[in-house]
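To start, the structure itself, in structure tokens.
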Amino acid sequence: MVLIDKRLLVDECLEIIHQIHKAAPPERIKEQDIEYIQKLNTYVQLMKKDLSELDKIYKQLGTELENIKKSGSI
1123 MVLIDKRLLV DECLEIIHQI HKAAPPERIK EQDIEYIQKL NTYVQLMKKD LSELDKIYKQ
1183 LGTELENIKK SGSI
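This note's numbering applies: residue 1123 is where the sequence shown begins, and numbers increase by one.
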């Protein structure tokens, strides 16, 4: 059985979310402070997930990013 570092997996999820936002940014512009607070809240929410659920989220985010890349948004 491979040990998975939960924090590393959360960081990877956040990085994918960041890439998705860069590829398809929200219509309204957010101020930097609000963005930091949202990242922190996302981090806390992801850390509360168990590893199997977190792995599922990671795979879903990866698929979403690949779909965005294929559509030519990146």
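From the three backbone atoms N, C-alpha and C, an ideal C-beta is built for every residue, glycine too.
{"Query": "Thinking C-alpha only, which one of 1127, 1160, 1129 is nearest residue 1140?", "Result": "1160"}
{"Query": "State the DSSP-derived secondary structure class of residue 1193, mapped to helix, strand or coil.", "Result": "coil"}
{"Query": "Is residue 1138 helix, strand or coil by DSSP?", "Result": "helix"}
{"Query": "Using only the alpha-carbon positions, how far apart do residue 1128 and residue 1194 sit?", "Result": "31 Å"}
{"Query": "Put residue 1170 into one of helix, strand or coil per three-state DSSP.", "Result": "coil"}
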